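Here the sequence shown is numbered in the working numbering, starting from -1 and rising by one per residue. The beta-carbon is built from N, C-alpha and C at its ideal position, and this holds for glycine as well. Small disclaimer: the values here were computed from a predicted structure and weren't measured. Structure, as structure tokens:
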Amino acid sequence: MNETTIRSFIRDVPDFPEPGIVFKDITPLLGDNGAFNEAIDAMIEPFRDSGVTKVVGVEARGFIFAAPIAVRLGAGFVPVRKPGKLPHDVHHQVYDLEYGTDRVEIHRDAATPDDNVLVVDDVLATGGTGRASTDLIRALGAHVVGFTVLAELAFLGGRERMGGVDVHAVVRYGAS
Ligand code: AMP
């Protein structure tokens, strides 16, 4: 299954969750075993031999991809979550939104300097979430191997905000 076929399983939903946003709906892909399986392989591909020990999933849709990627790479799974969801000691990172700020959290003991970490989300848009997540992992002293997503909205320039992290996207929309 090539990139064009995987792309055909991602549905555009205009004006969701608000006017002017074209939402990339991944549920058709998740509902098709072949497409989901191929997408997981394609997201892993550049990092297969990178010695990944932990796979970080970004709440919430990042979890869906990060868990099978962790199992396939023989690595552990670590959640990055919205504020107040993780029960143990957390490290947090604040990042800018179009209006205001948001915050992500990770358990302080979720990764160590011995870990090689692959960060996973469904969509890379402005890069705020991805940057905050990779900053969290670095704050724990772990090494960020890369950031992999199913889809990149390249016209939003998120890749440039990732601070030199190795970014991989299976499907890219528009030019950056
Ligand atoms: P950003 O921090 O701007 O890179 O946004 C990335 C996060 O927002 C990801 O966790 C995505 O799930 C979600 N997201 C942003 N824009 C879209 C979009 N157009 N379609 C689907 N998800 C999106």
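Task: Buried/exposed call for Thr51, threshold 16 Cβ in 10 Å - done: buried
Open item on the list: Using only the alpha-carbon positions, how far apart do Glu1 and Ala65 sit?
Closed with: 22 Å
Open item on the list: Judging by CA-CA distance, which residue of Thr132, Gly139, His86 and Asp94 is the nearest neighbour of Ala109?
Closed with: Among Thr132, Gly139, His86 and Asp94, the Cα nearest to that of Ala109 belongs to Gly139.
Task: Residue span of the alpha helix (DSSP H) that contains Pro26, given as start and end - done: Start and end: Thr25 to Leu28.
TODO: Use the C-beta contact count for Pro81: other C-beta atoms within 10 angstroms, 16 or more gives buried, fewer gives exposed.
DONE: exposed
TODO: Indicate whether the contact test is met: 3 or more Cβ pairs, each with one atom in the segment 134 to 152 and one in the segment 112 to 123, closer than 8 Å.
DONE: With a cut-off of 8 Å on Cβ pairs, the segment 134 to 152 is in contact with the segment 112 to 123, counting three or more such pairs.
TODO: Please determine, among Val165, Leu154, Gly155 and Thr146, the residue with the shortest C-alpha to C-alpha distance to Asp39.
DONE: Thr146
Open item on the list: Using beta carbons (cut-off 8 Å, strictly below), is Phe61 in contact with chain B?
Closed with: The chain labelled as chain B is not found in the depicted structure, where only one protein chain is given.
Task: Cβ-based neighbour list, Met(-1), same chain, cut-off 7 Å, excluding 5 preceding and 5 following - done: Gly32, Ala33 and Glu36
- [ ] Please state whether DSSP places Gly55 in a helix, a strand or coil.
- [x] strand
Open item on the list: Count Cβ pairs between the segment 62 to 76 and the segment 85 to 102 that sit closer than 8 Å; are there 3 or more?
Closed with: no
Open item on the list: Does Gly55 pass the burial test, meaning 16 or more other C-beta atoms within 10 Å, or should it be called exposed?
Closed with: Its Cβ being crowded by 16 or more others within 10 Å, Gly55 is buried.
TODO: Could you spell out the range, first to last residue, of the alpha helix (DSSP H) harbouring Gly258?
DONE: Past the edges of the chain, shown from -1 to 174, lies residue 258, and the structure says nothing about it.
TODO: Quick one: measure Cβ to Cβ for Gly156 and Ala123, integer angstroms, because I've assumed they're closer than 8 Å.
DONE: 6 Å
Open item on the list: For His166 and Asp120, what's the separation of their Cα atoms in angstroms?
Closed with: 11 Å
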